[in-house]
Amino acid sequence: MVDEERNEMVVTPWEVRGKVDYERLIREFGTQPLTTELIQRIAKFTGKVHLQLRRGLFFSHRDLDVVLDLYEKGTKFVLYTGRGPSGPVHLGHLVPWIFTKHLQDHFKTRLYFQMTDDEKFLVKDDLELEEATNFAYENALDLIALGFKPENTFIIYDVQDIDLLYDLALKVAKRITFSTARATFGFQESTNIGWVFWPAIQAAPCFIHAKLTGENVPALIPAAIDQDPYWRITRDVAPKLGYYKPAQIHCRLLPGLGVGGKMSASEPETCIFTTDPPDIVKRKVWGAFTGGKPTVAEQRRMGGDPSICTVFQYFLFMFEEDDEKLAERERQCRAGEVLCGECKKELTDRINSFLEDHRRKREKARNIIDKFHIKR
Ligand code: TRP
């Protein structure tokens, strides 16, 4: 799965490298493309088609049609997503959470949210368990700041709440052989044994609702496509345990500000953390990779290329709701009518006003965080 020589695409839950070809992922992972027809079916419940669906951020699924069929006939689903708390949250993390909230609001479903401090401790050489656990609570503030409600949002902190997951994880783990896990996740001889068992813990929340309430309903998981290997093994096991196979709606890996649009918390200049003050945001956006030309004269004459521009990507996925304004920005860029500095300035302002509001809500969340903790 690792191919250093050629700049081959590598997409695993722990590593993303090379240029990601999403069509190819659909084929190789064996998922289904998210069709216009399915998007319309979602819109029957949500009204307007969400920006992230309109603009193809969510692009693939498994059993979304099954979940919608069931819902139409009166069987609800629950939402499940999560976060590996290895550091502060950046804008890219918020994007699928915003979509999750949209689904929750319109389908009136519960959300189970897993904070995997255990996972991050096991897979990161330089992260202490206590640090990961601390990030889990800090990251939960970002989630809550998006407006989730305690009545229907249940955060699971793996280390603290392992008693709720352990029986389910055991039932899953017993039915997955080492050979399957190795083929699915690329485990090596040197992989620590905690990591080898760990996928069973990410599977467990798919079934937690049934366990806690006795209501056997499917889980729908909005998450980036790199998490898909977990769902493949979970889907194999689910029927053997008497549960529905968890369904997925997959999003792209979120673009950062670096060359090729890569976002990586290990390269802090390429991502904007929710805790970044205005001047840091300004500096990072200023240093962003764009589709601009080296000189103003060339840009005026030949125009820029929004398709490779990380600044444009941020407008596309988060900061320009209005389709017409987005199209106009794209046109102006290609025509050389707007320069990168202008787009950067506008994006900086939008991010900073978003973050100002977000940080206020994030601080308030400290007072109510306990209400979101999953109850026994
Ligand atoms: N493994 C994920 C990560 O490292 C965290 C996670 C746990 C998750 N459960 C999930 C992500 C469900 C999406 C959906 O970020």
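In the numbering used here, the protein residues as written are 3 to 378. Even for Gly, the Cβ is constructed at its ideal location relative to N, Cα and C. Since the model is a prediction, treat every value here as computed from it, not as a measurement.
- Scanning the stretch 108-145 from its first residue to its last, the whole alpha helix (DSSP H) runs of 4-plus residues come out as 119-125.
- Taking a 10 Å sphere around the C-beta of ALA225, we find 16 or more other C-beta atoms and assign the residue as buried.
- In the DSSP assignment, PRO224 falls within the unbroken beta strand (DSSP E) covering 221-226.
- Judged by pairs of C-beta atoms under 8 angstroms, the stretch 227-239 touches the stretch 248-256, as three or more such pairs exist.
- Between LEU256 and LYS286 the beta-carbon gap is near 15 angstroms, outside 8 angstroms, which marks them as no contact.
- Residue pairing from DSSP leaves ARG43 without any beta-bridge partner.
- Taking the C-beta atoms as reference points, TYR82 is found nearer than 8 angstroms to ILE223.
- Under DSSP, the beta-bridge partners assigned to VAL18 are VAL13.
- Fewer than three beta-carbon pairs drawn from the stretch 61-69 and the stretch 98-118 are found closer than 8 angstroms, and the two stretches are therefore not classed as touching.
- Pairing ASP120 with VAL68 gives a Cβ-Cβ distance that is not under 8 angstroms.
- Taken from the Cβ of ARG237, every heavy atom of the ligand TRP lies 7 angstroms or farther away.
- Straight-line spacing of the CA atoms in LYS151 and THR102 works out to 12 angstroms.
- By a beta-carbon distance limit of 8 angstroms, VAL313 does not contact LEU357. Their separation comes to about 16 angstroms.
- Between the C-alpha atoms of GLU300 and ASP71 there is a straight-line separation of about 54 angstroms.
- Between ILE146 and ILE376 the beta-carbon gap is near 14 angstroms, outside 8 angstroms, which marks them as no contact.
- Every residue whose beta carbon comes nearer than 5 angstroms to a heavy atom of the ligand TRP appears here in chain order: THR83, GLY84, GLY86, GLN116, THR118, GLN204, ALA225 and GLN229.
- Distance from VAL340 to PHE291 at the Cβ level is roughly 17 angstroms; contact not present, criterion being Cβ atoms closer than 8 angstroms.
- ILE157 has its alpha-carbon roughly 6 angstroms from the corresponding atom of PHE374.
- Annotation: ILE370 is outside any beta strand (DSSP E) and is labelled neither H nor E by DSSP.
- As a beta-bridge residue in DSSP terms, ALA249 pairs with LEU222.
- Look at HIS52 here: in three-state DSSP terms it is coil, with no helix or strand label.
- Ranked by Cα distance from VAL18, the options ILE227, TYR245, LEU243 and ARG378 are led by ILE227.
- Rounded to the nearest whole angstrom, the CA to CA distance from THR77 to LEU166 is 24 angstroms.
- Listed in chain order, the non-local C-beta contacts of LEU143 below 6 angstroms within the same chain comprise ARG364 and ALA367, local neighbours out to five positions each way being set aside.
- Apart from the 5 residues on each side of it in sequence, LEU172 sits with its Cβ closer than 8 angstroms to the Cβ of ALA202 in its chain, given in chain order.
- For LEU81, the enclosing beta strand (DSSP E) starts and ends at 80-85.
- Taking C-beta atoms as the reference points, GLN34 and VAL97 fail to come closer than 8 angstroms.
- Per DSSP, SER62 lies in no alpha helix (DSSP H); the unbroken beta strand (DSSP E) holding it starts and ends at 60-64.
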